[in-house]
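Engineer:
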Amino acid sequence: MFRSLALPALLTLLLAGCQAPSTTTQQIPPNTAPVAVCGSGDVMMQTTLWFGMNKPKGGIVSSSEWQQFVDNDVTPRFKDGLSVYDAKGQWLGENGKLARENSKALMLIHNPDLASSESINKLRDVYKKRFEQESVMRVDSLVCVAF
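Read in order, the letters of the sequence shown correspond to residues -20 to -1, 1 to 127 in mature numbering (1 follows the signal peptide of the UniProt record, and there is no 0).
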């Protein structure tokens, strides 16, 4: 009897691990969230977004196209300020080939709240759609900020 139940139970557990990851914004539960202790300043969130500058059908995102994106899409959502860095990136594409390209790193310092997170995800979606990108990488870190 045990053997007849063990195999279906094992298969159920294995298949549960094959579920696709959630694409929705997730908040860390308060009792497990990392705690930042600042010797100076306030706890804020630092988000860096990594934007590829190559277009998949050829060409690049021009300086004027990038600046229009910053002026029209980023700045209205994050008026308090931002920083942009030129970078060179590489990753393994969905096609299995190594890709290298010029990139832009956009750093935002913002409140660690759901509204800011959703605004950032909208920026990623706008850029991916407008410039036909596979992805825009997002990296979040709690930081201490003082002026």
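Each residue gets a CB set at the ideal place from its N, CA and C atoms; glycine is no exception.
For a test of the three-state rule: what should DSSP assign to residue 129, helix, strand or coil?
Structural biologist: It is not possible to answer for residue 129, since the shown part of the chain is limited to -20 through 127.
Engineer: Going along the chain, which residues of its own chain have a beta-carbon closer than 7 Å to the beta-carbon of GLY73, five neighbours each way excluded?
Structural biologist: If we look at GLY73 and ignore the five residues flanking it on each side, its Cβ neighbours are ALA79, GLU114.
Engineer: Go through its chain and collect everything with a Cβ distance to GLN70's Cβ below 6 Å, but skip five positions before and after it.
Structural biologist: Taken in chain order, the residues that qualify are ARG80.
Engineer: Ignore the nearest five residues each way along the sequence and tell me which others in THR3's own chain have a CB closer than 6 Å to its CB.
Structural biologist: Confidence in THR3 is poor, its pLDDT being 49 and thus under 50, which makes the residue's placement unreliable; the coordinate value appears in the next sentence. For THR3, there are no CB contacts under 6 Å within the same chain when 5 residues up- and downstream are skipped.
Engineer: Please give me, in chain order, every unbroken run of the beta strand (DSSP E) with length at least 3 that falls completely inside the region 40 to 108.
Structural biologist: The region 40 to 108 contains, as complete beta strand (DSSP E) runs of 3+ residues, the segments 63 to 72, 78 to 90 (chain order).
Engineer: So, is LYS84 buried or exposed, given that buried needs 16 or more other C-beta atoms within 10 angstroms?
Structural biologist: buried
Engineer: Need the endpoints of the beta strand (DSSP E) that VAL119 sits in, please.
Structural biologist: 117 to 125 is the span of the beta strand (DSSP E), which, as asked, contains VAL119.
Engineer: Measuring CA to CA, which of ARG104, MET87, MET33 is closest to LEU122?
Structural biologist: MET87
Engineer: Using the DSSP secondary-structure output, state which residues sit across from MET24 in a beta bridge.
Structural biologist: VAL123.
Engineer: For ARG110 and VAL64, I'd like the C-alpha separation in whole angstroms.
Structural biologist: 19 Å
Engineer: Below 8 Å CB to CB, which residues in the same chain sit around MET33 once its five sequence neighbours on both sides are set aside?
Structural biologist: Close CB contacts of MET33 within its chain, under the 8 Å cut and outside five residues either way in sequence, are with ILE40, VAL41, TRP46, GLU81, ASN82, SER83, LYS84 (chain order).
Engineer: Does TYR107 pass the burial test, meaning 16 or more other C-beta atoms within 10 Å, or should it be called exposed?
Structural biologist: buried
Engineer: By Cβ distance, which residues of its chain are closer than 6 Å to VAL119, with the 5 residues on each side in sequence left out?
Structural biologist: THR28
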